[in-house]
Structure formats: structure tokens, C-alpha cells
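J.: Numbering (this note's numbering), first residue to last: 915 to 1349.
Glycine is no exception: its CB is placed at the ideal position from the N, C-alpha and C atoms.
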Amino acid sequence: MKTAKRFVTAFLATLLTLSLAACDRGGGEVNIPTVQTGTDDFQKNLHQSEELSFLETDAGYYFSWGSLFYIEKETMKATRVCAKPDCDHTDPAICNSRIRADYLLTGGERIYYVGAVNSSSEPKQVRSVKYDATEREVIQELKFRETSAAQSSYDQAIYHRGYIYYVSDDILYRVKLGGEKDSAEEIWKPENAGSVQSHGGQIDIDPNGIHYTLWADDDTLYFMANVQITDGTYKDVLFQCDLTDMSVKQVWVTPNKEDVGEWEETGVSVSQWYVMNGYIYFYLSGGDMWRTELSSGKTEKLADTHEQAQYGSAIFSDDYMCLLNDYPVAFYGDPTPVPGGMFRSYGDTIFIYGMDGTFVKEISLKGLYDDPNAMAETHLLCCAGSDIFFLTIGRTPAGGSGMVSATTKQGDTNLCHANMETGEVEVIYTLRKGQ
């Protein structure tokens, strides 16, 4: 599950980067105000997807998509963040928007982000820019294990209350924003990195196979890892770090199908999860929406979401769960559902639930496209207030086989917006049209 997800993400990111200059049709000129984010906390609802990195300010949203973009909340117009007139945004040495941002960390008086100068194998640096993407500055370089020049298991970082939390080769670090590289603290690591070890007598950890997802909520840091448990199987396990004393403990393991029923990745991985107020909320693709109280371990079903989607994907916010009724296919463009396929396709409806499981409404995406073959993928990104953001990617199968080949035509890749209150959907930015 994790390996496949990371392959899909890397594949999508490569396509976006390679075709960046092919088509750049934005939503018009937008005045980008200098506004602070208004919070020093981790913006957890904006970290639901690995495809794009979002950052919310009072007046709009920034997102990194090969370049830096901005969405104005009032109009939902999107534009590249480039103050240079007549710039065609193709030359990274000239265009302000062309920053190598693996992900956005936080705002304040400036936007902070992490990236490498020229390639993914270079040391990662924390940099910042003004809100119009000018005056770039290097803030600090992150510390990594000296034994790994390639930083092989470098996972996405998060920012929370003055600290950057990140992982290098299965060691979880934190460092103050703007701090010295060698001041980074080790929060957690296996006893002997590089070999299978027992942790607390409960879990065998293979450091070479761990992928962390980091999270923060108030005075607590969480990290999810797919690790081997005592029966020899691998499951998603949630760890909790108390930031007041830096103690770490295991607080949740992916439930068995005997407890929550069948789902697409039964017993292995949760499809999406969200931690808030001492609960983990989780969606099981092809199954239902649940939550577990982390202090007691009590688990309860919130909604019978399997009635809306045979398969599916989801995103959360503090107020809502949004479910897309997509399903796996053998490859891009195949109109026939094939369980266990590599990618998902044809999600045409978003179902919205409250965090207590109450059904709120559904939003149809069918108005975005007339020809079903033009709509090959839908990727939910994040939900903020009443705004839902998602990607659509079009492909047309070649030769009528329904399978991708070298002659398959790639359609537009669109950033789309759904208004939860009105039910309206729209394309707000088209980055690329494949040939």
C-alpha cells in the first residue's frame, strides 16, 4: 500500500515537472496581499495528500506544484506567484515562481519551504521568500545521518510551534526554525538503524522499510509507520510523542477485519487518517469511517461509507470528511473496474460527512467533463472551510484496448475547486495539456 502510493505520487510528480511548460493557463491576474498565516500550529487539514503542498493565509492559499501558486479565497482565482511582467514562467533563472519546493512549511511574515538546489539527492535546505516570491533566502540546512549521502528515506517534514520535524533514514528529528544544523534533536529511532529490532517487546522494526507520516495536534506529535508486528505481518502503527517531556509510545494499530469488516487493504493500511482532540479518525477504502479514542483504545463506527463507494479515497478537516467514490483500474483510462489495479479512476461524486458521521451532502463532479474517457484520474487534495481542492487528469486509451500504451494521449491536468455550501465545481487552473 505504502510502496504503491509513493510510486503513484512520484510518477505523477514527474509528469507534472516534465510537462510544466507545455500549457500554462491560469485564472487571471490576482493581487497577492502580504498576509500572515495567523497560526503557529501545523495546518493539518492541508496535509492530506502527497501530490501538492498547501499553505493557508487569511486571504488565500499558496500551493507548490512545480512552481509557487496562489489562490484568492474570495474569487477562487489562481495564479503563479511571479511579479515580473510578460514572464512566460519557463526559465527557472528568471521566473520568481519557479522555486524547488518539496513542500511548504509555514508562513508568518515570509513563506518557508524545503527543497534542494538542483536535485533530490542534494542536502535539503529550508528557504524563505516574500509573499510575491521575491527576495529568496536560505534559512538553514537540515541535518542527516552521515552514512546516507542520498538521504534515501527522507520523508516530508512538518512545521509546528517553532520547530521543523523531519525524518532521515528512519530517525525522527526536530530543529528550531532558523536553528543551526547540528542543533537538531533526535526524537525517536530504532535501537540499531539498519537491522530488525524489537521496540518495547511488541514490534519488530525494519528501518530500511519504514515510511513515516508526521502529524501534530496541540502539545503532541504523532507519526505513522508501516512496521512489522508480533504476528509477522506489517501494519500501520501510530506513535505519540508528548512534546512536554519528549516521551514516545505506541497508541494505535490498524484494526483487524474481524473488528471493522472488510476493506480494500484489509489488515494492512488505513486509506486516510486524521488526529484531533485525542482521537484518530480513519477511513477504510471500500469500508467505513471510524474513530478510536487514543487514551482508551475504544473504537466506534461513525458512518457506513461503504454504501456510497465500493472503493474510495478521503480527506478530512476539523469539521468534515470528504469521500470520493473512485475505484482502482488496471491502468490509466480503463473504463472497467479492476480490483487491485495500480491507479484509481472515474471518481465522479464527493460525499461529505460531519466528523460525527452525520451525512451532510453530495457534490457531483460530472459537470467537469462530458466524455468519460477524458477523465482518467481524480485526486483529492485538501479541505479548508467550505473549500475542497482536487486534481483531475485526463487520458484517452489508444487502440480501444482501455490500457495505456506509448500512443496514449494525455489530456489536461487541472486543479479544481468544489464549494461545499453551493455544490458548485470548477477548474481553477490548468497546468498542462499532454500531446
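1) Which class does Ser-1161 belong to by DSSP, given the choice of helix, strand or coil?
2) Would you decide whether Ala-997 is buried or exposed? Buried here means 16 or more other CB atoms lie within 10 Å of its CB.
3) Would you be able to state if there are at least three C-beta pairs under 8 Å between the segment 1300-1307 and the segment 1331-1340?
4) Counting only the same chain and skipping the five closest in sequence on each side, list residues whose C-beta sits under 6 Å from that of Tyr-1197.
5) Give the straight-line distance between the Cα atoms of Leu-1345 and Tyr-1126, rounded to the nearest whole angstrom.
6) Since Val-1274 and Tyr-1234 are thought to touch, with beta carbons under 8 Å apart, how far apart are those beta carbons, to the nearest angstrom?
7) Between the Cα of Trp-1166 and those of Gly-1211, Cys-1155, Trp-1177, spot the shortest distance and give me the residue it belongs to.
8) Going by other Cβ atoms of all chains shown within 10 Å of its Cβ, with 16 needed for buried, is Ala-1047 buried or exposed?
9) Whose C-alpha, out of Val-1151, Gly-1175, Asp-1173, Glu-1176, is nearest the C-alpha of Gln-1164?
10) Under 8 Å by Cβ, that's how I've got Ser-1082 and Lys-1090 pegged, so tell me the actual separation to the nearest angstrom.
11) To which residues of the same chain is Thr-1180 closer than 6 Å at the C-beta, ignoring the five residues directly before and after it?
12) CB-CB under 6 Å to Gly-1337, same chain, minus the five flanking residues each way: which ones, in chain order?
13) Take Ile-1266 as the anchor and find which of Asp-1218, Leu-1305, Glu-1291 has the nearest alpha-carbon.
14) Mark Lys-1149 as exposed unless 16 or more other C-beta atoms lie within 10 angstroms of its C-beta, in which case mark it buried.
15) Rounding to the nearest angstrom, what Cα-Cα distance links Val-1052 and Gly-1271 in this structure?
16) Give the DSSP bridge partners of His-1331, in chain order.
17) Please work out which residues of its chain come closer than 8 Å, Cβ to Cβ, to Arg-1050, disregarding the five sequence neighbours upstream and downstream, and give them in chain order.
18) Is Arg-994 closer than 8 Å to Ser-1011 when the C-beta atoms are compared?
19) Does Gly-1263 come out as helix, strand or coil in the three-state DSSP assignment?
20) So, at 8 Å on beta carbons, what are the nonlocal neighbours of Glu-1335 in its own chain, with the 5 sequence-adjacent residues on each side left out?
21) When DSSP labels each residue in this structure, what does Pro-1253 get in the three-state scheme?
22) With DSSP as the reference, label Glu-986 as helix, strand or coil.
23) Here's a check: name, in chain order, each residue in its chain whose Cβ is nearer than 7 Å to the Cβ of His-1280, leaving out the five neighbours to either side.
24) If you count every other CB in all the chains shown that lies within 10 Å of the CB of Ile-1342, and 16 or more means buried, which is it?
25) Between which two residues does the beta strand (DSSP E) containing Val-1189 stretch?
T.: Quick answer:
1) Translated into positions along the sequence shown, residue 1161 becomes position 247. Looking at Ser-1161 - three-state DSSP - the assignment turns out to be strand.
2) Indexing the sequence shown from 1 puts residue 997 at position 83. Exposed is the call here.
3) yes
4) Start at 1 with the first residue of the sequence shown, and residue 1197 comes out as number 283. So the list reads Ser-1185, Gln-1186, Met-1203, Ala-1228, once near-sequence residues are dropped.
5) Counting from 1 along the sequence shown, the entry for residue 1345 is found at position 431. Counting from 1 along the sequence shown, the entry for residue 1126 is found at position 212. Spanning the two alpha carbons is a distance of roughly 30 Å.
6) Translated into positions along the sequence shown, residue 1274 becomes position 360. Translated into positions along the sequence shown, residue 1234 becomes position 320. Confirmed, Cβ separation roughly 7 Å.
7) In the sequence shown, the residue the question calls residue 1166 occupies position 252. The shortest Cα separation from Trp-1166 among Gly-1211, Cys-1155, Trp-1177 belongs to Gly-1211.
8) If you number the sequence shown from 1, residue 1047 lands on position 133. Burial call: buried.
9) Residue mapping note: residue 1164 aligns to position 250 of the sequence shown, counting from 1. The shortest Cα separation from Gln-1164 among Val-1151, Gly-1175, Asp-1173, Glu-1176 belongs to Val-1151.
10) On the sequence shown, residue 1082 is found 168 positions in, with the first residue counted as 1. On the sequence shown, residue 1090 is found 176 positions in, with the first residue counted as 1. Actually they are not in contact, since the Cβ atoms of Ser-1082 and Lys-1090 sit about 17 Å apart, beyond 8 Å.
11) As a first step, residue 1180 is located in the sequence shown; it is residue number 266 there, counting from the start. Within the same chain, Thr-1180 has close Cβ partners Lys-1171.
12) Residue mapping note: residue 1337 aligns to position 423 of the sequence shown, counting from 1. Only Ile-1277 meet the Cβ criterion.
13) For the purposes of this step, residue 1266 is taken as the residue at position 352 of the sequence shown. Checking every option, the nearest Cα to that of Ile-1266 belongs to Asp-1218.
14) Here the question's residue 1149 lines up with position 235 in the sequence shown. Per the 10 Å Cβ criterion, buried.
15) Position 138 of the sequence shown holds residue 1052. Position 357 of the sequence shown holds residue 1271. Straight-line Cα distance between these residues: approximately 44 Å.
16) The count along the sequence shown starts at 1 and reaches residue 1331 at position 417. Partner(s): Phe-1303, Glu-1340.
17) Numbered from its first residue, the sequence shown carries residue 1050 at position 136. The answer, listed in chain order, is Ile-1013, Arg-1041, Ser-1042, Val-1043.
18) Translated into positions along the sequence shown, residue 1011 becomes position 97. Translated into positions along the sequence shown, residue 994 becomes position 80. Closer than 8 Å, so yes.
19) Residue numbering aside, residue 1263 sits at position 349 when the sequence shown is read from its first letter. In the sequence under discussion, the amino acid at residue 1263 is Thr, which differs from the Gly named in the question. In this structure, Thr-1263 counts as strand in the three-state DSSP scheme.
20) For the purposes of this step, residue 1335 is identified with residue 421 of the sequence shown, where counting begins at 1. Cβ neighbours of Glu-1335 beyond the five flanking positions: Ser-1300.
21) The residue given as residue 1253 occupies position 339 in the sequence shown. Interpretation of Pro-1253 is limited by its pLDDT of 47, a score under 50 that renders its predicted location unreliable; the figure taken from the coordinates is listed afterwards. The answer is coil: DSSP assigns Pro-1253 none of H, G, I, E or B.
22) On the sequence shown, residue 986 is found 72 positions in, with the first residue counted as 1. Three-state DSSP puts Glu-986 in a strand.
23) Here residue 1280 refers to the residue found at position 366 when the sequence shown is read from its first residue. Residue 1280 is actually Lys in this sequence, not His. Cβ within range, chain order: Asp-1262.
24) One-based indexing of the sequence shown puts residue 1342 at position 428. That one is buried.
25) As a position in the sequence shown, residue 1189 is number 275, starting the count at 1. Run containing Val-1189: 1186-1190, per the beta strand (DSSP E) assignment.
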